[in-house]
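The structure appears right after this line, and notes come after that.
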Amino acid sequence: MRINFLRYVGKELFITIVLLLLFLYTFYVYSLPFAPFLVVLAITVFIFCLYLFYRLITFKNEISQKEYIDNLQHEMHEIRNEQLQYKKEVEAYFLTWVHQMKTPITASKLLLSRNEEGMANRVRQEIIQIDNYTNLALSYLKLLNHKADMVMNPVKIDDLIRPLIKKYSIQFIDNNTRIHYEKVEETVITDARWSSIMIEQILNNALKYARGKDIWIYFDREDNILSIKDNGIGISKADLPKIFDQGYSGYNGRLNERSSGIGLFIVKRISSHLSHNIDVSSTLGEGSIFKIQFPRNNGF
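Right, here's the structure in full:
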């Protein structure tokens, strides 16, 4: 800063020194007494010091303004990049979302055009999928906009699980998928709405890949861990590290036309927001198990 300031006042300093040297030269050439020169020198130095003090304040203000402007420009650049990234993510998601929505809508139209036994239940299944995709889209937008208000309260595990089992009961029956769950009275500290969305996506995922098989939901009271296990087709070792990545559906997803790779991405985002650690283990051909670690109740 010192060097920059000297450059800032360098011109004035040079002119002042030159003028003083001219005065000195004049006094020397004409053999004038040096006492007046010393008075002029003292006055000049005093005035110049006051001027330098003023210029120093001005210099600091200009530096502060420049740094402030640079910071603003940097922030604007970051905001612009975030907006572009946000736009790309939203466009990419909703292209996938529209494709997903077409499947149950088209299936519903075909079912309604036929007069087959059990048609009503099958149409209800498609409506549930449409509802799930719609809720997923709303949750995705809230998470992207950082408007996901989360309120941590004591919530019964059973109050999270029972409504979801009831909601997907038609799929369990029609797909011959057996659900194993015993009522859990324990209470955990969480946001009921967002935890429900997270659990629903894991359960919905299990329903896709464990058709005609079994799903277990149980709670470890000692470690506060909720587990959702199935004996479906499982996940390959190559896909396992990437299943929470946005848009990644893996080999199983390519086999299932309804897989978008968004559900588990949102699960991971919600678990991060809630500080609920989520872990998954799986063996291809044997099934998968998702574990959600809830915080300690601390006396609740």
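Counting along the sequence shown from 1, when you hit position 19 you're at 19 in full-length UniProt numbering, and nothing is skipped either side.
All residues carry an ideal CB built from backbone N, CA and C; glycine is no exception.
Between HIS180 and ASP214, the gap from beta carbon to beta carbon is short of 8 Å.
Distances from the alpha-carbon of MET198 to those of ASN71, TRP216 and SER272 put SER272 closest. Bridge partners of ASP214 according to DSSP: ARG178. Counting of Cβ neighbours within 10 angstroms places GLN73 among the exposed residues, the total staying below 16. In this structure, the CA atom of ASN153 is about 23 Å from the CA atom of ASP279. In this structure, DSSP gives ASP158 a helical state, which the three-state scheme calls helix. It is roughly 31 Å from the alpha-carbon of VAL9 to the alpha-carbon of PRO33. Straight across, the Cα-Cα distance linking TYR28 with PHE59 is about 37 Å. Burial check for VAL184: the Cβ neighbour count within 10 Å reaches 16 or more, so the residue is buried. ASN205: member of the alpha helix (DSSP H) spanning 192–209, first to last residue.
Around the beta carbon of LEU21, a 10 Å sphere encloses fewer than 16 other beta carbons of the protein chains shown; the residue is thus reported as exposed. Counting only residues of its own chain and dropping the five nearest sequence neighbours on each side, ARG178 has a CB closer than 8 Å to the CB of PHE172, LYS213, ASP214 and ILE215.
THR190 is not a Cβ neighbour of LYS156, given a cutoff of 8 Å.
Distance from the Cα of GLY232 is smallest, within the candidate group ASN135, GLU82, LEU284 and LEU50, for LEU284. Secondary structure at ILE189: strand, using DSSP grouped into helix, strand and coil. The DSSP-derived three-state label of ASP70 is helix. Close CB contacts of ARG124 within its chain, under the 6 Å cut and outside five residues either way in sequence, are with ILE170 (chain order). Take the alpha-carbon of GLU75 and the one of ILE15: they are about 41 Å apart.
Excluding five sequence positions before and after TYR218, the CB atoms of its chain that fall closer than 6 Å to its own CB belong to SER227, given in chain order. Each residue's CA atom was taken as its position, placing LEU38 and ARG55 some 25 Å apart.
Cα atoms of LYS88 and ILE128: separation of roughly 28 Å, rounded to the nearest angstrom. In terms of CA proximity to TYR133, PRO104 leads the group ASP159, VAL151, LEU160 and PRO104.
Shown here, SER227 sits in a strand according to DSSP, grouped into three states. For ILE270, no beta strand (DSSP E) segment is defined; the enclosing uninterrupted segment is the alpha helix (DSSP H) at 263–274. Counting along the chain, GLY287 sits inside the beta strand (DSSP E) bounded by residues 287–293.
For ILE278, the enclosing beta strand (DSSP E) has its first and last residue at 277–283.
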